[in-house]
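Numbering (my numbering), first residue to last: 777 to 1008. Scroll down for the structure; my scribbles are underneath it.
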Ligand code: PEP
């Protein structure tokens, strides 16, 4: 099981350091891999504070070129230099607000993996797509542009469940994860309003290999409780 906390645009370096100190002291299970994904400016504080622990630090995005005229972007070698272990790619907020497409997501994933980063690639259908019966096709399209890799994990995040308090039922998650695994046989995390009180049921589904957690990862106690719920 893998539990990843996506902090989005929350926690500058001071707050990130305080959170990671508290996480170091938290009761985390040994059989669950735990990662946090701070904003770029807080990566260094997180890497330094979590050095020597089992908690990994991931970025929230990574460019497909190694360097160049790409104002506002960050490359894989830069993340490596900071001691960052991996990166999210293709989060639905990137797709929705910053023009990410299946193609740019695939390029970013390819480069990040080639540069030795671990990657959590996010996919998921919108509410309109689910209502139109297109979930299966959307997932096949989004996953179909990626290639299997031992350092690649997929996160299934139905867009209508992110930050809304609406969660996919365990059966919906299981079905979507089965679809994804039929295209690429990789671990699949569920993301979308995962909280301490719904985590265990979601993660008891056989095709659910962990969770990508947004809002509930911002508080150490609720994040640690989700990590414990993922423990066997
Ligand atoms: C996310 O940002 O990836 C996410 C799943 O957010 P939340 O848990 O807040 O729905």
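The beta-carbon is built from N, C-alpha and C at its ideal position, and this holds for glycine as well.
Separation of residue j from residue i, as counted between CA atoms
| i | j | result |
| --- | --- | --- |
| residue 961 | residue 820 | 33 Å |
| residue 810 | residue 830 | 7 Å |
| residue 981 | residue 964 | 11 Å |
| residue 780 | residue 832 | 9 Å |
| residue 975 | residue 855 | 30 Å |
| residue 906 | residue 938 | 14 Å |
| residue 870 | residue 904 | 18 Å |
| residue 985 | residue 940 | 22 Å |
| residue 880 | residue 824 | 31 Å |
| residue 951 | residue 957 | 10 Å |
| residue 848 | residue 838 | 11 Å |
| residue 991 | residue 972 | 11 Å |
| residue 978 | residue 949 | 8 Å |
| residue 910 | residue 897 | 20 Å |
| residue 953 | residue 827 | 33 Å |
| residue 947 | residue 924 | 25 Å |
| residue 844 | residue 887 | 14 Å |
| residue 790 | residue 862 | 22 Å |
Assigned exposure category for residue i - 16 Cβ within 10 Å defines buried
| i | result |
| --- | --- |
| residue 851 | buried |
| residue 967 | buried |
| residue 945 | exposed |
| residue 885 | buried |
| residue 997 | exposed |
| residue 795 | buried |
| residue 836 | buried |
| residue 873 | exposed |
| residue 842 | exposed |
Cutoff 7 Å; reference residue i; Cβ partners in own chain excluding five residues on either side
| i | result |
| --- | --- |
| residue 927 | 889, 894 and 895 |
| residue 942 | 936 and 969 |
| residue 878 | 917, 918 and 921 |
| residue 900 | 868, 932, 933, 934 and 935 |
| residue 891 | 852, 853 and 856 |
| residue 912 | 955 |
| residue 822 | 792, 796, 812, 814 and 833 |
| residue 798 | 996 |
| residue 805 | 1003, 1004 and 1007 |
| residue 983 | 950, 953, 954, 957 and 964 |
| residue 876 | 866 and 870 |
| residue 816 | 835 and 850 |
Close Cβ partners of residue i (< 8 Å) along its chain, the five nearest in sequence each way excluded
| i | result |
| --- | --- |
| residue 959 | 915, 916, 919 and 920 |
| residue 882 | 921 and 922 |
Rounded distance between the beta-carbons of residue j and residue i, thought under 8 Å
| i | j | result |
| --- | --- | --- |
| residue 860 | residue 834 | 7 Å |
| residue 782 | residue 864 | 6 Å |
| residue 802 | residue 987 | Not confirmed; about 17 Å, so no contact. |
| residue 784 | residue 818 | Not confirmed; about 12 Å, so no contact. |
| residue 989 | residue 778 | At roughly 11 Å, the Cβ-Cβ gap does not stay under 8 Å, so residue 989 and residue 778 are not in contact. |
Residues near residue i by beta carbon distance below 6 Å, same chain, minus five either side
| i | result |
| --- | --- |
| residue 993 | 781 and 999 |
| residue 846 | 839 |
| residue 902 | 935 |
C-beta neighbour in chain D for residue i, strict 7 Å
| i | result |
| --- | --- |
| residue 952 | No chain D appears in the structure shown, which is made up of a single protein chain. |
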